[in-house]
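Structure, as structure tokens:
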Amino acid sequence: MSSIDQARKKIKALNSTYKIVHVTELATLGKLSGLRTKAEAAVSYYETILKSLRWVRKTMYNGNNLQTTEEKNVTALAITSERGLCGAYNSEVFAEIDRLIETLGNQVTINWIVVGEQGHRYLTKLGQNISEYLQFSLENIDLETTTEVTADFIDQINKQEMDALYVIFTKYFNAVHSEAMCEKIYPDIPEGPEAETIEVDYVLDIETDDEQVEQLLLENYLCGLLYSMFRYSVASEYCMRRIAMKQAKDNIHKQHEEAVFDARKKALQQKTGELLDIISGAQTIRKEEE
């Protein structure tokens, strides 16, 4: 195969790759809006539950206010992607995993629950204890699945098998900005502003113990919070993948321009060489005739 044929083959391959990357970028961008909307709806839900939970702890029941206890058995949920091609998305989550392990130290037992093949591989490589590998699609995550995950956490809390619950996920801010973070969501719950006063215009009249009311609110709060974290994570994954695809597309475009220039240069050199051969042959014939 001549050098010109090789150059043409390279240009054809680059064109095909460019089309694939461009379609992937557009498909990713088209899903971001819907994913963010669902995440923000979940935030609105759990913030409402959180306000009620604060009210219950401050006014209804003071005997079960959570005390600061030494963390010995910790559950950590790591949310990563199922596949690559999403830039620094997974590497930033891995950095948060390393930071949490270092912060908690060797005296704390961490039971890892992981979402995504990339996180499963990384934690296995580190030799960490993976108690559960949740194999479901984050893009198609629903409240039913999230409720099942939350129920397992509540069960660990009731059995006193978990001193704290950490979640490592990626917060989506906008189409060009996402940030991996680690949040402790149990036993701590976010406190409201110091000046916040909780007012209600109704009277609770229920045949349920205060402790059960608090646990029900806690379960719903954690469910809404986890659902938003799942949604934010998958939105962040698509955000980072879109950015990675755009960078790949720009790189392919640059390579394509270089390949076209190289192919034209080689074609011109070939034509020039053929012309020189013709001129040289003509001169040789003329000399022989003379």
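Be aware that the sequence shown starts at -3, since it is given in my numbering, and climbs by one per residue. A virtual CB, placed ideally from N, CA and C, is assigned to each residue, including glycine.
Using 8 Å as the limit for Cβ to Cβ distance, is residue i near chain C?
i, result
"Leu134", "This model lacks chain C altogether; it includes just one protein chain."
Hey, could you find the ends of the alpha helix (DSSP H) residue i is sitting in?
i, result
"Phe90", "85 to 100"
Taking the alpha-carbon positions, what's the residue i to residue j distance?
i, j, result
"Val227", "Gln2", "One point to set straight first is that residue 227 is Arg, not Val, in the sequence displayed. For Arg227 and Gln2, the distance between alpha carbons rounds to 46 Å."
"Glu270", "Ala231", "57 Å"
"Cys235", "Ser174", "8 Å"
"Gln266", "Glu88", "50 Å"
"Leu122", "Thr13", "35 Å"
"Glu98", "Ala91", "11 Å"
"Glu253", "Leu264", "16 Å"
"Glu66", "Gln156", "13 Å"
"Ile93", "Lys5", "44 Å"
Could you give the residue range of the beta strand (DSSP E) that holds residue i?
i, result
"Asn107", "105 to 111"
"Val70", "69 to 75"
"Asn170", "160 to 170"
By DSSP, does residue i sit in helix, in strand, or in coil?
i, result
"Lys155", "coil"
"Ile185", "coil"
"Ser133", "coil"
"Glu233", "helix"
"Cys219", "helix"
"Glu43", "helix"
"Glu254", "helix"
"Glu175", "strand"
"Glu128", "strand"
Legend entry - Three or more C-beta pairs below 8 Å linking the region 148 to 163 and the region 69 to 76: yes
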